[in-house]
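**Student:** Each residue of the sequence shown is one higher than the one before, starting from -19 at the first, in my numbering. Positions of the beta carbon are idealized from the N, C-alpha and C atoms, including for glycine. If you're wondering where the values come from, they're calculated on a predicted model, not measured in any experiment. First the structure, which I've put down as structure tokens, then a few questions once you've had a look.
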Amino acid sequence: MTIQLPDFKGGFRAYEPRKEPFAATPGTPFTSRTVFSAAHVVADPFADSTPDSPAAVDWDATLAFRRHLWSHGLGVAEAMDTAQRGMGLDWAGAAELIRRSAAEATSVGGLIACGVGTDQLTGPATLDEVRAAYEEQLALVEESGAQAILMASRALAAAAKSPEDYLEVYGHLLRQSAEPVVLHWLGPMFDPALEGYWGSSDLDAATDTFLEVIAAHPDKVDGIKVSLLEAQREIDIRRRLPQGVRCYTGDDFNYPELIAGDDQGFSHALLGIFDPLGPLAAEAVRVLDTGDAKGFRELLDPTVELSRHLFQAPTRFYKTGVVFLAWLAGHQSHFTMVGGLQSARSLPHFARAYELADGLGLFPDPKLAEERMKNLLSLYGVNQ
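Structure follows, in structure tokens:
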């Protein structure tokens, strides 16, 4: 049996769905790498809301997905951009998400780190206001018992006039943090409002400022997450980190080689693509735990084509593909997103995502995924 999928030229192609899923079993955390999956939120499809309304979240389904990730040994990076932070999920929703997920992590013994930002600021802000907003969120995350991830701030990018402003704000936050944090450098391909972060659009100059922050407070920085989609730049930054400061790759284009590493080091991981790849990615890291880098690459390299497809420009809309695959995989009963973001990708894009994910065996029930794909096609007027 085949399914007719629309292509990118206005035509159709026949695809024969896979019959068996990738065989992955739940397991314990890893020994060679620390691995976080940034996780999406599940919208409440029955809420009477609009794209401008506060996010209506299905908390049961959202937390169930986190238990799914924890069951495979993955950590959860909570309230990050994958959770539509600043693209449908406001600070009030993110705060509730942090409280609920941190409590769930405690109950199941799961690893969790949560995003700290300034998104309660909705207009122009001073540096003092930016600092106070960061402090409010940092306090909430620390009170929840989760590790803090200091996220890049749109408000800081707008308010800062020089690299020194970044050094002052981050230095203040690091001095008062109770435990070592993860610093997150999110590139403008993920959020155009972050252009010129660290005080310069020249990435070499920005990198120097970023590393200056870390060098001044190495005891307060557990690690960095770099999301610039440039493998060599991440490697160069990784090699310049102080002893004991980790690099968590956020490169959804080049993650297998960066996690595998080289004779001078490797990256841990904090990736949005590990939301749909969870069980397969976990199996690959367990192979790496045995010292089998070749086997790790053999499992994970074939997933890069799907990741590059989901994260293609405009990259910030990758969340739509992530939630789409979660629906096909049966992790939620509908394909609805907070902010109405399910409309952010085209039908041919969805069709290719389905084909690539199915080819990897990512759907626990391939028949269910096929039926749901056909249902989506019928909504667009495509009958099988």
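Please list the terminal residues of the continuous beta strand (DSSP E) segment that includes His164.
**Tutor:** Taken as a continuous stretch (DSSP letters only), the beta strand (DSSP E) holding His164 covers 161 to 166.
**Student:** Given a cut-off of 7 Å, decide if Ser17 and Leu(-15) are closer than it, judged by their beta-carbon atoms.
**Tutor:** No, Cβ-Cβ distance for Leu(-15) and Ser17 is not below 7 Å.
**Student:** Mind checking whether Lys200 and Ser157 have CB atoms under 7 Å apart?
**Tutor:** Yes, these two residues count as a Cβ contact at 7 Å.
**Student:** Indicate, with yes or no, if the ligand SAH has a heavy atom lying under 6 Å from the CB of Leu238.
**Tutor:** Looking for the ligand SAH in the displayed structure turns up nothing, as the structure carries no ligands at all.
**Student:** Report the rounded CA-to-CA distance for Pro9 versus Leu54, giving the unit in angstroms.
**Tutor:** Approximately 6 Å between the Cα atoms of the pair.
**Student:** Contact between the stretch 166 to 178 and the stretch 214 to 223 is defined here as three or more beta-carbon pairs at a separation below 8 Å; is this criterion met?
**Tutor:** Contact fails: fewer than three Cβ-Cβ distances are below 8 Å.
**Student:** Determine which residues share a DSSP beta bridge with Phe233 and list them.
**Tutor:** Phe233 is not bridged to any residue.
**Student:** Counting pairs of Cβ atoms below 8 Å between the stretch 75 to 87 and the stretch 31 to 45, do you hit three or more?
**Tutor:** They touch, by the three-pair rule.
**Student:** Please classify Lys299 as buried or exposed, where buried requires at least 16 neighbouring CB atoms within 10 angstroms.
**Tutor:** Result: buried.
**Student:** Does the separation of the CB atoms of Ala82 and Thr98 fall below 7 Å?
**Tutor:** No, the Cβ-Cβ distance between Ala82 and Thr98 is not below 7 Å.
**Student:** Between the alpha carbons of Gly339 and Leu280, how many angstroms are there, rounded?
**Tutor:** Going from the Cα of Gly339 to the Cα of Leu280 covers about 13 Å.
**Student:** Assuming Ala249 and Val15 form a contact by the criterion Cβ under 8 Å, report the distance between their Cβ atoms to the nearest whole angstrom.
**Tutor:** 5 Å between Cβ atoms; contact.
**Student:** Could you compute how far the alpha carbon of Ser12 sits from the alpha carbon of Gly271?
**Tutor:** Taking the straight line from one Cα to the other gives about 9 Å.
**Student:** Just curious, the beta strand (DSSP E) that Arg(-7) is in, first and last residue?
**Tutor:** First-last of the beta strand (DSSP E) with Arg(-7): -8 to -5.
**Student:** For Gly275, I'd like the list of residues in its chain whose CB is within less than 7 Å of its CB, leaving aside the five on either flank, ordered along the chain.
**Tutor:** Excluding sequence neighbours, Gly275 sits near Val267.
**Student:** Inspect the beta-carbon positions of Leu130 and Gly167 and report whether they are closer than 7 Å.
**Tutor:** Going by C-beta atoms, Leu130 is not nearer than 7 Å to Gly167.
**Student:** Using three-state DSSP, classify Gln127 as helix, strand or coil.
**Tutor:** If DSSP states are grouped into helix, strand and coil, Gln127 belongs with the strands.
**Student:** According to DSSP, is Lys347 helix, strand or coil?
**Tutor:** DSSP places Lys347 in helix when its eight states are reduced to three.
**Student:** Go ahead and label Thr283 buried or exposed: buried means 16 or more other beta carbons lie within 10 angstroms of its beta carbon, across all protein chains shown.
**Tutor:** That one is buried.
**Student:** Three-state secondary structure (DSSP) at Thr56?
**Tutor:** Looking at the sequence provided, one finds Val at residue 56 rather than Thr. Val56: strand per DSSP, three-state reduction.
**Student:** Where Val21 and Arg352 are concerned, what is the direct C-alpha to C-alpha distance, given to the nearest angstrom?
**Tutor:** Near 20 Å, if we compare the C-alpha coordinates of Arg352 and Val21.
**Student:** What alpha helix (DSSP H) runs, 4 residues minimum, are completely inside the stretch 39 to 113?
**Tutor:** For the stretch 39 to 113, whole alpha helix (DSSP H) runs of length 4 or above, ordered along the chain, are 39 to 51, 71 to 88.
**Student:** Leu359 to Arg(-7), Cα distance in whole Å?
**Tutor:** Roughly 18 Å separates the two Cα atoms.
**Student:** Sort Leu136, Ala195, Gly125 by Cα distance to Gly89 and report the nearest one.
**Tutor:** Taking only the C-alpha atoms, the option nearest Gly89 is Gly125.
**Student:** Give a yes or no on whether the C-beta atoms belonging to Val110 and Leu136 are separated by under 7 Å.
**Tutor:** Taking 7 Å as the Cβ cut-off, Val110 and Leu136 qualify as a contacting pair.
**Student:** Counting only runs that start and end within the stretch 199 to 261, where is the alpha helix (DSSP H) found for 4 or more residues in a row?
**Tutor:** Segments of the alpha helix (DSSP H) lying fully in the stretch 199 to 261: 211 to 219, 235 to 240.
**Student:** Along the chain, where does the beta strand (DSSP E) containing Ser17 start, and where does it finish?
**Tutor:** Segment 15 to 18, the beta strand (DSSP E) holding Ser17.
**Student:** Would you call Ala293 buried or exposed, if buried means 16 or more other Cβ atoms sit within 10 Å of its Cβ?
**Tutor:** With fewer than 16 Cβ atoms within 10 Å of its Cβ, Ala293 is classed as exposed.
**Student:** Please look up how many angstroms separate the CB atoms of Phe291 and Phe233, rounded, as I've assumed it's under 8 Å.
**Tutor:** With 8 Å as the limit, Phe291 and Phe233 qualify as a contact, their Cβ atoms being about 7 Å apart.
**Student:** Count the other CB atoms, across all protein chains shown, that sit within 10 Å of the CB of Pro104; report buried if there are 16 or more and exposed otherwise.
**Tutor:** Looking at its Cβ environment, which holds fewer than 16 other Cβ atoms inside 10 Å, Pro104 is exposed.
**Student:** Comparing alpha-carbon positions, which option in Ser247, Phe2, Val206 lies nearest Ala337?
**Tutor:** Comparing Cα positions, the closest option is Phe2.
**Student:** Quick one: is Arg155 buried, meaning 16 or more other Cβ sit within 10 Å of its Cβ, or exposed?
**Tutor:** Flag for Arg155 reads exposed.
**Student:** Roughly how many angstroms separate the alpha carbons of Val121 and Asn363, rounded to a whole number?
**Tutor:** So the two alpha carbons sit approximately 48 Å from each other.
**Student:** Taking 7 Å as the limit between beta carbons, can you name the residues of its chain near Ala72, skipping five residues before and five after?
**Tutor:** The residues are Pro34.
**Student:** Tell me which residues share the same chain as Arg47 and place their Cβ nearer than 8 Å to its Cβ, disregarding the 5 neighbours each side in the sequence.
**Tutor:** Excluding sequence neighbours, Arg47 sits near Glu84, Val88, Gly90.
**Student:** Run through DSSP, which three-state label would Val265 get?
**Tutor:** Val265: helix per DSSP, three-state reduction.
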